[in-house]
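J.:
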Amino acid sequence: MNGREGGVLEIREDDLSGAPVRALLALHLAGMHANTPPEHVFALDLSGLQRPGITVWTAWEGPAIAGVGALRALGDDAGEVKSMRTHPDHLRRGVAAALLERIIAEARARGFTRLSLETGRGPAFEPALALYRRRGFRDGAAFADYAPSGFSQFLHLDL
């Protein structure tokens, strides 16, 4: 994929062993804790993302990490989008959209019929919500082990 500034974006499955992806995941967790009440932070840490049933992809522009995203298999032909984060140096260049397309393609390839996600409320979450809604995700009920709350919101995409 071509970025707006002419760079080529490469998306690849990641084993989470590299320092750049670990640093981006640490930034992601810090951001979630800065913008979310503690009892509503459901972002997975490194060990959580290394569990069976979770596949992680990273986006790279040359040697620089541009973003990360993951797919969690939920069972019953359903999946969950997890740990979507664009590196601050690569914002508004299509990184998150490219990662989301990769996750959706993989969910379809696995035969999933639904893809869901949980996210927060407030200004920090608006860019991500706009991306998900542009891609066809719709507001819906809590799923998996999540419970409805005044902070969390749930979006779903029928595949």
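Under the working numbering, the first residue of the sequence shown carries the number 3, and numbering increases by one thereafter. Note that the Cβ used here is the ideal one computed from N, Cα and C, for glycine as well. Just so it is clear, the structure is predicted and the values come from calculations on it, not from any experiment.
#1: Going by the CB atoms, is the gap between Thr-60 and Leu-73 shorter than 8 Å?
#2: Where does Gly-152 fall in DSSP's three states?
#3: Is the distance from the Cβ of Gly-210 to the Cβ of Leu-101 below 8 Å?
#4: Do Arg-94 and Gly-69 have their C-beta atoms closer together than 8 Å?
#5: With H, G and I counted as helix, E and B as strand and the rest as coil, what does DSSP make of Arg-14?
#6: Between Phe-44, Gly-9, Gly-20, which lies nearest to Ser-154 when the distance is taken from Cα to Cα?
#7: Three or more C-beta pairs closer than 8 Å, one from the stretch 17 to 32 and one from the stretch 75 to 87: is that the case here?
#8: Go ahead and label Arg-104 buried or exposed: buried means 16 or more other beta carbons lie within 10 angstroms of its beta carbon, across all protein chains shown.
#9: Measure the alpha-carbon distance for His-92 versus Ala-66 and round it to whole angstroms.
#10: Should Val-97 go down as buried or exposed, given a rule of 16 or more other Cβ atoms within 10 Å for buried?
#11: For the alpha helix (DSSP H) that Leu-161 lies in, which residues bound it at each end?
#12: To test your reading of the DSSP string, which unbroken alpha helix (DSSP H) runs of 4 or more residues are found completely within the stretch 37 to 103?
#13: Under the rule that 16 or more other beta-carbon atoms within 10 Å means buried, what is Asp-17, buried or exposed?
#14: Starting from the Cα of Glu-15, find the closest Cα among Trp-62, Gly-33, Ala-149 and give me that residue.
#15: Could you tell me the distance, in whole angstroms, from the CA atom of Phe-127 to the CA atom of Arg-136?
T.: The answer reads as follows:
#1: To locate residue 73, count along the sequence shown from 1; it is residue 71. To locate residue 60, count along the sequence shown from 1; it is residue 58. Cβ distance not < 8 Å, so Leu-73 and Thr-60 don't count as in contact.
#2: Your numbering for residue 152 matches position 150 in the sequence shown. When DSSP states are grouped into helix, strand and coil, Gly-152 belongs to the coil group.
#3: Outside the shown range of the chain, which is 3 to 161, sits residue 210, and nothing can be said about it.
#4: Position 92 of the sequence shown, counted from the start, is the residue given in the question as residue 94. Position 67 of the sequence shown, counted from the start, is the residue given in the question as residue 69. No Cβ-Cβ contact shorter than 8 Å links Arg-94 with Gly-69.
#5: Walking along the sequence shown from the start, residue 14 turns up at place 12. Of the three classes helix, strand and coil, the one that applies to Arg-14 here is strand, per DSSP.
#6: Here the question's residue 154 lines up with position 152 in the sequence shown. Measuring from the Cα of Ser-154, the nearest candidate turns out to be Phe-44.
#7: Output reads yes: the stretch 75 to 87 touches the stretch 17 to 32.
#8: Here residue 104 corresponds to residue number 102 of the sequence shown, with the count starting at 1. Residue environment analysis places Arg-104 among the buried positions, since at least 16 neighbouring C-beta atoms fall within 10 angstroms of its C-beta.
#9: Along the sequence shown, one-based indexing puts residue 92 at 90. Along the sequence shown, one-based indexing puts residue 66 at 64. Just so you know, the alpha carbons of His-92 and Ala-66 end up roughly 9 Å apart.
#10: The count along the sequence shown starts at 1 and reaches residue 97 at position 95. Buried, since its Cβ has 16 or more Cβ neighbours within 10 Å.
#11: Numbered from its first residue, the sequence shown carries residue 161 at position 159. Counting along the chain, Leu-161 falls outside any alpha helix (DSSP H), and DSSP gives it neither H nor E.
#12: You should have 48 to 51.
#13: Looking up residue 17 in the sequence shown gives position 15. By the neighbour-count rule (16 or more Cβ atoms within 10 Å), Asp-17 is not buried but exposed.
#14: The count along the sequence shown starts at 1 and reaches residue 15 at position 13. Considering only alpha carbons, the answer is Trp-62.
#15: Position 125 of the sequence shown, counted from the first residue, corresponds to residue 127. Position 134 of the sequence shown, counted from the first residue, corresponds to residue 136. Each residue's alpha carbon lies about 14 Å from the other.
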